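Residue numbers (the working numbering): 1 to 242.
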């Protein structure tokens, strides 16, 4: 299989006016202990910085109702004067559940509202499609299951509707785990090794690096604020287990 290209939607920015700050909004696939968020933040170098506000179990509705979105917006208010303030917005794993209480239409509208609120506060939304699950059909080592297809499209549509950048982590991560195969993909499984949704510590590093690379490709002016890891990036984008 040919090397996996970065999947990014949005217009690259020619230059950065201020150092960046990253505020991460999302569910458990972003959150501390199981998500890619801390892996992304670990790639930043001063004066860039960030905060992982991801919440395990969150939907687009419960993230707001629980006060987590207010935490994001407060960080924006406190920091936009001194930092180019980016907000990654990544939901879908819980919104898609029948028990979520969130319809697909509400989910998409919530993403749009998040992005518009970030822009209204002077921030820069990065609509981030959901990290893929590492699920494969029975007896198959490849052909990874595309279980978040509609949620991916909703994130892209929300970015287009708000004139924002979409970071297509879902497409990139799905292509990657499909290429490296089930055994290699399961090396990133959380806990006892059977959790194919969440990431162990090494998985957070790998997919945090993937996110960093995707952001850099969408916003080239940010490259100097990330610590490079050529070995890891090469493995990811050449479909090699990392």
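Glycine included, each C-beta is placed from N, C-alpha and C at the ideal position. Computed from a predicted structure; not experimentally measured.
Exercise for the section: Could you please give the first and the last residue of the uninterrupted alpha helix (DSSP H) stretch that includes residue 234? Expected result: In the chain shown, residue 234 corresponds to position 234, counting from 1. Note, residue 234: alpha helix (DSSP H), 230-237.
Practice task
Whole angstroms is fine: what's the gap from residue 243's alpha carbon to residue 211's?
Solution key: Residue coverage of the chain in this structure runs from 1 to 242, which leaves residue 243 outside it and unanswerable.
Problem - Span separating the alpha-carbon of residue 218 from that of residue 175 - result: Stepping through the chain shown from its first residue, residue 218 is reached at position 218. Stepping through the chain shown from its first residue, residue 175 is reached at position 175. C-alpha separation (whole angstroms): 19 Å.
Exercise for the section: Closer than 6 Å by C-beta to residue 49: which residues in its own chain qualify, once you throw out the five before and the five after it? Chain order, please. Expected result: Position 49 of the chain shown, counting from 1, holds the residue named residue 49. Cβ neighbours of residue 49 beyond the five flanking positions: 21.
Problem - residue 164 and residue 115 closer than 8 Å at C-beta - result: Sequence index remark: in the chain shown, residue 164 carries index 164 (1-based). Sequence index remark: in the chain shown, residue 115 carries index 115 (1-based). Yes. Within cutoff.
Practice task
Give every residue of the same chain whose Cβ lies closer than 8 Å to the Cβ of residue 43, excluding the five residues on either side of it in the sequence, and list them in chain order.
Solution key: Along the chain shown, one-based indexing puts residue 43 at 43. Taken in chain order, the residues that qualify are 208, 209, 212, 226, 227, 229.
Exercise for the section: Give the range of the alpha helix (DSSP H) segment to which residue 69 is assigned. Expected result: For the purposes of this step, residue 69 is taken as residue 69 along the chain shown, with counting starting at 1. Start and end: 68-79.
Handout entry: Extent of the continuous beta strand (DSSP E) to which residue 53 belongs
Key = In the chain shown, counting from the first residue as 1, residue 53 sits at position 53. Note, residue 53: premise wrong, no beta strand (DSSP E); not H, not E.
Practice task
Keeping to the same chain, check which residues put their C-beta closer than 8 Å to that of residue 143; ignore five residues upstream and five downstream.
Solution key: As a working mapping, residue 143 is identified with position 143 in the chain shown. Scanning its chain for C-beta atoms nearer than 8 Å, with the 5 sequence neighbours on each side dropped, one finds around residue 143 the residues 136, 137, 178, in chain order.
Handout entry: Environment of residue 41 [buried if 16+ CB atoms lie within 10 Å]
Key = As a working note, residue 41 is residue 41 in the chain shown. Residue 41 is buried by the Cβ-count criterion.
Practice task
Could you tell me which of 159, 111, 117 sits nearest to residue 27, measuring between CA atoms?
Solution key: In the chain shown, counting from the first residue as 1, residue 27 sits at position 27. Nearest C-alpha to residue 27 among 159, 111, 117: 111.
Exercise for the section: Indicate whether residue 54 and residue 32 have their beta-carbon atoms separated by less than 8 Å. Expected result: The residue you call residue 54 lines up with position 54 of the chain shown. The residue you call residue 32 lines up with position 32 of the chain shown. Yes, they are a contact pair.
Problem - Other residues of its chain near residue 61: CB distance less than 6 Å, five sequence neighbours each side excluded - result: As a first step, residue 61 must be located in the chain shown, where it is residue number 61. Once the five neighbours on either side are set aside, the close Cβ partners of residue 61 are 102.
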